[in-house]
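K.L.:
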Amino acid sequence: MAKLTVEDLPLEGKKVLMRVDFNVPIKDGVVGDDNRIVAALPTIKYVIDHGGRAILFSHLGRIKKEEDKPGLSLRPVAERLSNLLNKPVTFVPVTEGKQLEDAIDNMKNGDVLLVQNTRYEDVKDGEYVKRESGNDPELGKYWASLGDVFVNDAFGTAHRKHASNVGIATNMPGKAAAGYLMEKEIKFLGDAVDNPERPFVAILGGAKVSDKIGVIDNLLDKADKIIIGGGMAYTFYAAKGIKVGNSLVEKDKIDVAKQILDKAGDKIVLPIDNVVADKFNNDADTKVVEGDIDDGWMALDIGPKSVKEFEDVLKDAKTVVWNGPMGVFEMPNFAKGTLEIGKFLGTLTDATTIVGGGDSTAAVKELGVADKLTHISTGGGASLTYLEGKELPGIAAISDK
Ligand SMILES: Nc1ncnc2c1ncn2[C@@H]1O[C@H](COP(=O)(O)OP(=O)(O)O)[C@@H](O)[C@H]1O
Ligand SMILES: O=C(OP(=O)(O)O)[C@H](O)COP(=O)(O)O
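Quick note: the sequence shown, position 329, residue 329 per full-length UniProt numbering, numbers continuous.
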């Protein structure tokens, strides 16, 4: 890696500022899926095992007004982290000032401290000032002044230019390194996209064509096949002149979809059949249709022939990258396509299989196949930005070796 890593930094007795992505689901004050916390443990352990004093920063959710703050405290995360590390974690309920500075001064080698949600800085005295998410230069400078070195392990936030990632790093030139999770994410995604074992198949789903057009465009030059399922498939149907009924279509993207199809030749694989419904509801009347979708019906999942078609494309793949569900996965009656594809990926034990994004990750976990896949990315937006071939500001700001 051309960037400094945690192993390049002096740690013994140092105040080690660490940016992690602990933006995890919290319900009634309890952490739900703790995958992102678990994924950061190797770097945290490395730092404390080498005598560093780990000062952790993360955002949680989005804060636009004072009332958002109480429900988005990182305190439950500190508790879960403490359980996972099997040692005390000091939680500091503020993001700046004497209380934080004193807590840092009181740390001993090997101690762990978690600072309050960095996005508390986005609202000051009731005003939405975006000091954290707007990368206020004074804030990054202040946080950088609290430590000796900086480790960024927040891959999930790497597509954001925040004070707590880019700001701190730019104020610590030559002392800002990547953690193990960051390294691992870049390695798997980087190898998959830049140096894939072939055939390389990408599976893209979900709803937002506009967000993923850039990804498709970049992958056209790199992948052998691109499977498009989920809501985005129907904008491509429209581009091909197939009737879409009431299915989700981004009308202003039909022309771009046409251009992509022209450029793609037979690289793009679209669903043959779909589960269509008479309303956007789990209890809707449904049927499976091939090709044209009549008015009054909307496609909410791929059909059984599409599942077979996609599996035929996937069965010989040596590298697979999957982002986005094949249907309205949240409704049990339209989850089958996503679950079948997830299950099939679990059988591809000879291939490198990488899954990114909340819904697809949830699907493989629900199926219990997550541990059969090579890599589950902790970043949805970040992995997409990477697949799009764009620079991630959080990574760019890390010091070069
Ligand atoms: N056929 C479909 N029609 C409408 N919405 C769909 C369809 N297929 C998938 N979706 C929706 O797409 C959403 C996920 O889209 P998106 O945000 O683009 O993906 P991701 O969460 O992976 O980034 C899910 O909420 C899912 O219900
Ligand atoms: O969860 C995140 O994004 P993701 O759901 O796209 O992976 C990151 O923590 C970034 O959070 P944000 O989208 O509120 O900036």
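Here a beta-carbon is modelled for each residue, glycine too, at the ideal position from N, C-alpha and C.
#1: Does the beta-carbon of residue 382, which I'm using as the reference point, lie nearer than 7 angstroms to any heavy atom of ligand 2?
#2: Quick one: complete beta strand (DSSP E) runs, 3+ long, within the segment 89-120?
#3: Is any heavy atom in ligand 3 found nearer than 7 angstroms to the beta carbon of residue 328?
#4: Keeping to the same chain, check which residues put their C-beta closer than 8 angstroms to that of residue 206; ignore five residues upstream and five downstream.
#5: For residue 271, does the count of other Cβ atoms within 10 angstroms reach 16, so buried, or fall short, so exposed?
#6: Does DSSP put residue 329 in a helix, a strand or coil?
#7: Residue 74: which of 109, 103, 46 and 29 sits nearest, CA to CA?
#8: CB residue 178 to CB residue 195, shorter than 8 angstroms?
#9: Tell whether a beta-carbon distance below 8 angstroms holds between residue 304 and residue 328.
#10: Check whether the Cβ of residue 21 sits closer than 7 angstroms to any heavy atom of ligand 2, and report yes or no.
#11: Would you say the beta carbon of residue 211 comes nearer than 7 angstroms to a heavy atom of ligand 1?
#12: Which full runs of the beta strand (DSSP E) of 3+ residues lie inside the segment 132-195, going along the chain?
#13: Which of the three DSSP states, helix, strand or coil, is assigned to residue 240?
#14: For the beta strand (DSSP E) containing residue 207, list its first residue and its last residue.
#15: Mind the definition here: the segment 376-388 touches the segment 187-204 only if three or more C-beta pairs lie below 8 angstroms; say whether that holds.
#16: Does the distance from the CB of residue 76 to the CB of residue 31 come in under 8 angstroms?
#17: Does residue 355 come out as helix, strand or coil in the three-state DSSP assignment?
#18: Go ahead and pull the three-state DSSP assignment for residue 338.
#19: Does the count of Cβ pairs from the segment 102-111 and the segment 119-128 closer than 8 angstroms reach three?
#20: Give me the residue from 312, 161, 293 and 380 with the minimum Cα distance to residue 402.
#21: Out of curiosity, what's the CA-to-CA distance linking residue 224 and residue 374?
#22: Select from 248, 240 and 17 the residue whose C-alpha is nearest the C-alpha of residue 210.
#23: Based on Cα-Cα distance, which residue from 173, 363, 312 and 335 lies nearest to residue 348?
#24: Here's a check: name, in chain order, each residue in its chain whose Cβ is nearer than 7 angstroms to the Cβ of residue 197, leaving out the five neighbours to either side.
#25: How about residue 359: is its Cβ closer than 7 angstroms to a heavy atom in ligand 1?
#26: Heavy atom of ligand 1 less than 7 angstroms from the Cβ of residue 137, yes or no?
#27: Can you tell me whether DSSP reads residue 225 as helix, strand or coil?
#28: Taking contact to mean at least 3 C-beta pairs separated by less than 8 angstroms, is the segment 35-53 in contact with the segment 139-155?
P.N.:
In brief:
#1: yes
#2: 90-92 and 112-115
#3: Among the ligands in the structure shown, ligand 3 does not appear; only ligand 1 and ligand 2 can be found there.
#4: 212, 230, 231, 232, 323, 324, 325, 357 and 359
#5: buried
#6: coil
#7: 29
#8: no
#9: no
#10: yes
#11: yes
#12: 149-152 and 176-178
#13: helix
#14: Run containing residue 207: none; DSSP gives neither H nor E here.
#15: yes
#16: yes
#17: strand
#18: helix
#19: no
#20: Past the boundaries of the shown model lies residue 402; the chain is included only from 1 to 401, so the question cannot be answered.
#21: 19 angstroms
#22: 248
#23: 312
#24: 318, 319 and 352
#25: yes
#26: no
#27: strand
#28: yes
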